[in-house]
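Numbering (my numbering), first residue to last: 367 to 796. Built from N, CA and C at the ideal position, the CB exists for glycine as well. All values derive from a computational prediction rather than experimental measurement.
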């Protein structure tokens, strides 16, 4: 059995040292109180305190007088006892001549939990109130988290580490993700999983190497070989073929009943085995709506996401409002715009910060500096001046050929740049 850890009750642990008397008449946070509590919880043995003294130094003599064996042979669940050192501890594990003990208030005055290995002969004796039986051969068990295991034979999940209540069957060949290793009261290691507790005995489960699978969302993958989408994580029914070279956005990871990870995608489930799919770096593409972009180089609008038909040219430097992201049949992201589709590759476009412009109708604006109305969104011809402080109602937002937003007003177009105009809150009461 490996160490259990600090299971001393919080109601006593949070008190000052010697702050109360426990259920066995011991002062709290002392070594005696910790051992008495551990014997009660784990060994199912309660010390009955007679009128005699139960300071740590006399535990051995008191136990012998009550008929319990005290010797130099440690066993799991026995009590390590020191006379001159006024100390007792609980034996958690034995390895050759070394003994792992759990204790409280060592060094004296600390009042805290500790654990350490000692030489078996370092004590005055081992008290055998109600030992937990022979030592478990831990070499036959997983005592550290194996990550994933595969069941070698039919097994069961249980509701707790003591295996008192069966929860569900686990068929042979199931892969299980292990969250932690915990111990039963009798000292047997158990595998804690999302589904319940599973045996850690290597006769029933073996460690499973899952390095060849995606276990967390890779976000985008590229198909290495022709494959299929499936309707569920069980891969019982094919849904549609997918060609080698297609890039796919992954929504998440789900596991089959037998524990195999699958890539959940918009069109169905794909294998998470890296033989079939590899992670695709999409950092050079916009995969979510950038809002506005500016053309880095001259390019074209296209009629569809597959870029099979050019629609019209777009000049370098033009700003464009992006309505959304759509993907081609081969999985490449495209920028959906009012005039068609543009490449989402950052070689061709860059995100444009438009926070200094009104891109939606502000309702009313106040002129910050003298300016002019213009006849069109391209500001090629002035109409009439407008003075600083004038309040204007905005009818709509329109964009110039170069993508700059303009304020459409009754008398013409104004700049939407917040250097020239500011939002005006109309607080006039009718």
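task: Could you spell out where the beta strand (DSSP E) holding residue 395 opens and where it closes?
output: Taken as a continuous stretch (DSSP letters only), residue 395 belongs to no beta strand (DSSP E), as it is neither H nor E.
query: Among the residues of its own chain, which have a CB less than 6 angstroms from the CB of residue 561, if the five just before and after it don't count?
result: 523
task: Work out the CA separation of residue 557 and residue 566 for me, nearest whole Å.
output: 5 angstroms
Per-residue DSSP class, three states only, for residue 599: coil
query: Cα-Cα, which of 642, 688, 647 and 639 is closest to residue 655?
result: 688
- prompt: Excluding the five sequence neighbours on either side, which residues of its own chain have a C-beta within less than 7 angstroms of the C-beta of residue 699, listed in chain order?
  reply: 651, 652, 653, 691, 693 and 710
- request: Output the boundary residues of the alpha helix (DSSP H) element that contains residue 430.
  value: 425-431
Separation of residue 580 from residue 745, as counted between CA atoms: 54 angstroms
- prompt: When burial is assigned at 16 or more other CB atoms within 10 Å of the CB, is residue 602 buried or exposed?
  reply: exposed
- request: From the DSSP output, read off the bridge partner residues of residue 618.
  value: 630
- prompt: Going along the chain, which residues of its own chain have a beta-carbon closer than 7 angstroms to the beta-carbon of residue 669, five neighbours each way excluded?
  reply: 675, 677 and 706
field: Same chain, Cβ closer than 6 angstroms to residue 440, five either side skipped, listed in chain order
entry: 457, 460, 465, 486 and 492
- request: Assign residue 382 to buried or exposed, taking buried as 16 or more other Cβ atoms, counted over all protein chains shown, within 10 Å of its Cβ.
  value: exposed
- prompt: What is the DSSP secondary structure of residue 580, counted as helix, strand or coil?
  reply: coil
- prompt: By how many angstroms is the C-alpha of residue 623 removed from the C-alpha of residue 540?
  reply: 8 angstroms
task: Assess, as a yes-or-no matter, whether the region 628-648 is touched by the region 657-666 under the definition of 3 or more beta carbon pairs within less than 8 angstroms.
output: no
task: Can you grab the Cα-Cα spacing for the pair residue 764 / residue 583, in whole Å?
output: 40 angstroms
- prompt: Identify the residues that DSSP records as bridge partners of residue 482: which are they?
  reply: 467
- prompt: Who are the near neighbours of residue 796 in its chain, counting only those whose CB is closer than 7 angstroms to its CB and skipping five residues on each side?
  reply: Note that residue 796 has pLDDT 40, beneath the 50 cutoff, so the model's placement of it is unreliable and the number below is only indicative. Taken in chain order, the list of residues that qualify is empty.
query: Taking the alpha helix (DSSP H) that residue 379 falls in, what are its first and last residues?
result: 376-379
query: Since residue 716 sits in a beta bridge, which residues does DSSP pair it with?
result: 660
- prompt: Three-state secondary structure (DSSP) at residue 609?
  reply: coil
field: Every unbroken beta strand (DSSP E) within the region 701-776, with a cutoff of 3 residues, ordered by chain
entry: 706-709, 715-717, 730-733, 737-740, 748-752, 757-759, 762-765 and 771-775
message: Quick check on residue 409: does DSSP put it in helix, strand or coil?
response: helix
query: Whose CA, out of 403, 739, 733 and 683, lies closest to the CA of residue 715?
result: 683
message: Checking 8 angstroms against the spacing of the C-beta atoms, do residue 614 and residue 586 come in under that value?
response: yes
message: Suppose the cutoff is 7 angstroms on Cβ atoms and the five residues either side in sequence are ignored; what does the same chain contact list for residue 596 look like?
response: 603, 604, 605, 634 and 635
query: Hey, out of 537, 376, 484 and 535, whose CA is closest to residue 447's CA?
result: 484
- prompt: What distance in whole Å lies between the Cβ atoms of residue 731 and residue 774, which are believed to be in contact at a cut-off of 8 angstroms?
  reply: Wrong, their Cβ atoms sit about 12 angstroms apart, outside the cutoff.
task: Identify every residue that forms a DSSP beta bridge with residue 589.
output: 643
task: Could you check how far apart the C-beta atoms of residue 555 and residue 621 are, in whole angstroms? I think they sit under 8 angstroms.
output: That belief does not hold up - the Cβ atoms of residue 555 and residue 621 are roughly 24 angstroms apart, past 8 angstroms.
message: Quick check on DSSP: helix, strand or coil for residue 436?
response: strand
task: Go ahead and pull the three-state DSSP assignment for residue 404.
output: helix
- request: Could you tell me the distance, in whole angstroms, from the CA atom of residue 494 to the CA atom of residue 429?
  value: 8 angstroms
query: Taking C-beta to C-beta, are residue 641 and residue 578 nearer than 8 angstroms?
result: yes
- request: Could you tell me how far apart the beta carbons of residue 612 and residue 697 are, in whole angstroms, since I believe they sit closer than 8 angstroms?
  value: 5 angstroms
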